[in-house]
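Numbering (our numbering), first residue to last: -11 to 248. A virtual CB, placed ideally from N, CA and C, is assigned to each residue, including glycine. First the structure, in the form of structure tokens, and then the observations on it.
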């Protein structure tokens, strides 16, 4: 069976978190919804998706649903205190298939080292990081585990702890289901801790899809992809690449079409 998988950081900026209506009259929510349906994704991992933007996108989607919780949860404070609401992002997984299990888990996000904690506060990057896990059932009744995340920025010790937590989650699920991993990892393949993670996942039976084009904004010093997809090593890749969604996000979408 053929499966199309993607990962897309939807950019938490003022326009998107207020619903996606732009000054030029275009609607980012409708553009994203149309894009998902046009590309016929089976599984799409998203990052930086805020509540109002998600709600607006779902208005235009007919066959798909979003799964996963928010980093600050769904409560009176996270829904009404502006500074928290604005950054209450999710890592929702979008799929048209029936979902049998869904869970959002917290990843390590507070550095143990005081110097790194101060650095994180200065960068304004100390906030909860989460991972979304679903088990879906495709049209042939096969079950697949999809995991999606958005990892820390510029604090290596936190990144390593987050990768270790992901590896444990994958190890648990891959024993029961074919498992895929998508996300904005904020790491390139030339980073030692990420390369080690890639090699460790190979031992578990997961392979990184070799898409190496730079995927984040040109203002950042990265030279290659920080958004990645991992698939079972036994799956055959039919097509892969990146797409640019102008005026919506500062990331490129990474996609892969496979045959399981």
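Collapsed DSSP secondary structure at residue i in the structure displayed
i, result
"residue 58", "strand"
"residue -6", "strand"
"residue 30", "coil"
"residue -1", "coil"
"residue 111", "coil"
"residue 164", "coil"
"residue 100", "coil"
"residue 18", "helix"
"residue 25", "helix"
"residue 10", "coil"
Member of the options whose CA lies at the smallest distance from the CA of residue i
i, options, result
"residue 205", "-3, -10, 45 and -9", "-3"
"residue 18", "243, 233, 240 and 242", "233"
"residue 96", "68, 66, 137 and 89", "137"
"residue 57", "192, 216 and 135", "135"
"residue 3", "23, 51 and 44", "44"
"residue 113", "99, 239 and 128", "99"
"residue 151", "221, 186, 23 and 167", "186"
"residue 166", "-10, 148, 128 and 193", "193"
"residue 49", "23, 180 and 248", "23"
"residue 6", "70, 179, 93 and 94", "70"
"residue 221", "228, 195, 211 and 93", "195"
"residue 0", "228, 248, 36 and 86", "36"
"residue 189", "180, 181 and 155", "155"
"residue 91", "15, 157, 208 and 184", "157"
"residue 87", "103, 13, 94 and 129", "129"
N-terminal and C-terminal residue of the beta strand (DSSP E) that residue i is part of
i, result
"residue 94", "86 to 95"
"residue 81", "81 to 83"
Beta-carbon proximity of residue i to residue j, cut-off 9 Å
i, j, result
"residue 34", "residue 62", "no"
"residue 132", "residue 107", "no"
"residue 21", "residue 46", "yes"
"residue 230", "residue 199", "yes"
"residue 146", "residue 175", "no"
"residue 197", "residue 219", "yes"
"residue 217", "residue 170", "yes"
"residue 80", "residue 121", "no"
"residue 31", "residue 105", "no"
"residue 83", "residue 41", "no"
"residue 38", "residue 89", "no"
"residue 239", "residue 201", "no"
"residue 177", "residue -8", "no"
"residue 266", "residue 51", "Outside the shown range of the chain, which is -11 to 248, sits residue 266, and nothing can be said about it."
"residue 164", "residue 119", "no"
"residue 116", "residue 73", "no"
"residue 141", "residue 94", "no"
"residue 148", "residue 109", "no"
Contact test: residue i Cβ vs the ligand ATP heavy atom, cutoff 8 Å
i, result
"residue 119", "No copy of the ligand ATP occurs in the structure displayed, which carries no ligand at all."
Residue i - containing alpha helix (DSSP H), residue span
i, result
"residue 64", "64 to 68"
"residue 191", "180 to 192"
"residue 176", "Segment: none, residue 176 is in no alpha helix (DSSP H) and carries neither H nor E."
"residue 77", "Run containing residue 77: none; DSSP gives neither H nor E here."
"residue 39", "39 to 48"
Contact with chain D by residue i, beta-carbon distance below 9 Å
i, result
"residue 123", "Protein chain content of the structure displayed is limited to a single chain, and chain D is not contained in it."
Enumerate, from N- to C-terminal direction, the unbroken beta strand (DSSP E) stretches of 3 or more residues contained entirely within the segment 201 to 240.
With a minimum length of 3 residues, the continuous beta strand (DSSP E) runs that stay inside the segment 201 to 240 are 215 to 220 and 224 to 231.
Counting only runs of 4+ residues fully inside the segment 120 to 162, write out the alpha helix (DSSP H) ranges in chain order.
Listed in chain order, the complete alpha helix (DSSP H) runs (minimum 4 residues) inside the segment 120 to 162 are 144 to 162.
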